[in-house]
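Engineer: Numbering (our numbering) for the sequence shown: 31 to 270.
One structure, pasted below without further comment.
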Amino acid sequence: MRSAPNRLASEDISEESHIVTVDGRDIRLVMRSAVDAASGMTVVLAHGAGTGIDSPFMRYFGEAMARAGHLSVAFDFAYMHAGRKAPDPASRMVATWSGVLQWLRQRPEVQADNLVIGGKSMGGRMASLCVAEGEAVSGLLLLGYPLHASGKPEKVRVAHFPKLDCPCLFIQGDRDALCSLDALRPALDGIPGPATLHVIEGGDHSFGLLKRSGREPEQALDEARRVALAWLDGLLVGLQ
31 MRSAPNRLAS
41 EDISEESHIV
51 TVDGRDIRLV
61 MRSAVDAASG
71 MTVVLAHGAG
81 TGIDSPFMRY
91 FGEAMARAGH
101 LSVAFDFAYM
111 HAGRKAPDPA
121 SRMVATWSGV
131 LQWLRQRPEV
141 QADNLVIGGK
151 SMGGRMASLC
161 VAEGEAVSGL
171 LLLGYPLHAS
181 GKPEKVRVAH
191 FPKLDCPCLF
201 IQGDRDALCS
211 LDALRPALDG
221 IPGPATLHVI
231 EGGDHSFGLL
241 KRSGREPEQA
251 LDEARRVALA
261 WLDGLLVGLQ
């Protein structure tokens, strides 16, 4: 695996960018941490199908994790890094997840038993498939899990749920066209690990709100942030 670092920093967050070669293909990986970081979790998030880790959504959660004292990691799948629109096959993206985790576990700043993985939509789903294939992590953080294709709530993507043996947090909008809550709730019973569902009232697949909701768009993202960080705090206490 090849890694080429590039360091940037903001006033309160240090940011280190790497080009990592996984299975012969380059991906971009960004590590963020607070300048005065405490000893937190390592939180690794992957992007959704249409936008990479530079999207406002991914930057928001990546920076929020770092500011809360966690080592925050995000990466682009190879197709995104190469500028292609069509996602890689699922098997290749799951293999990318495994390669990223292998690379991270070799880093001195990463505690292998404090890893939480997940992401937005497709990225989170690929993380869950990676866990189902035997990758050991401390938790799954799923931001808008794509339970089914739009308009097809009867074809749910849950066959691997019985193999998810770690704590799982699902944060879902109740207007998400890719996740019927009526279908998700019973599916969570099939997860052997502790599974938590938090619903963003009025939120769509990216937690966006309608104007008539009376809430500012930032409020939904802030709600998701607070819920995720509280859940991570609980995991950290359990590991100590």
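The beta-carbon is built from N, C-alpha and C at its ideal position, and this holds for glycine as well.
Whose C-beta lies closer than 7 Å to the C-beta of Ala-258 among residues of the same chain, with five residues either side of it excluded?
Structural biologist: Here Ala-258 has Leu-171, Leu-199 and Ile-201 as same chain residues with Cβ atoms under 7 Å from its own Cβ, once five neighbours each way along the sequence are excluded.
Engineer: Identify whether Leu-38 lies in helix, strand or coil by the three-state DSSP scheme.
Structural biologist: Residue placement at Leu-38 cannot be trusted, given a pLDDT of 41 that sits under 50; what the coordinates show is reported in the next sentence. It is a strand residue.
Engineer: Rounded to the nearest angstrom, what separates Ala-148 and Met-88 at their Cα positions?
Structural biologist: Reading off the sequence, residue 148 comes out as Gly, not Ala. When rounded, the distance between both Cα atoms is 12 Å.
Engineer: Of the choices Leu-75, Met-152 and Met-123, whose alpha-carbon is the least far from that of Val-103?
Structural biologist: Leu-75
Engineer: Following the continuous alpha helix (DSSP H) through Thr-126, name the residue where it begins and the one where it ends.
Structural biologist: Element bounds for Thr-126: 120 to 135.
Engineer: The alpha helix (DSSP H) with Asp-56 in it runs from where to where?
Structural biologist: It is not in any alpha helix (DSSP H) - Asp-56 instead sits in the beta strand (DSSP E) that spans 55 to 64.
Engineer: Quick check: the Cα distance between Pro-222 and Arg-215, rounded to an integer number of angstroms?
Structural biologist: Straight across, the Cα-Cα distance linking Pro-222 with Arg-215 is about 14 Å.
Engineer: What would DSSP say about Cys-198, mapped onto helix, strand or coil?
Structural biologist: Strand at Cys-198.
Engineer: Checking the sheet assignment: what are the DSSP bridge partners for Phe-105?
Structural biologist: Leu-59 and Ala-76
Engineer: Just the Cα atoms here: how many angstroms apart are Gly-286 and Thr-226?
Structural biologist: In the structure as shown, the chain begins at 31 and stops at 270. Residue 286 is therefore absent and cannot be evaluated.
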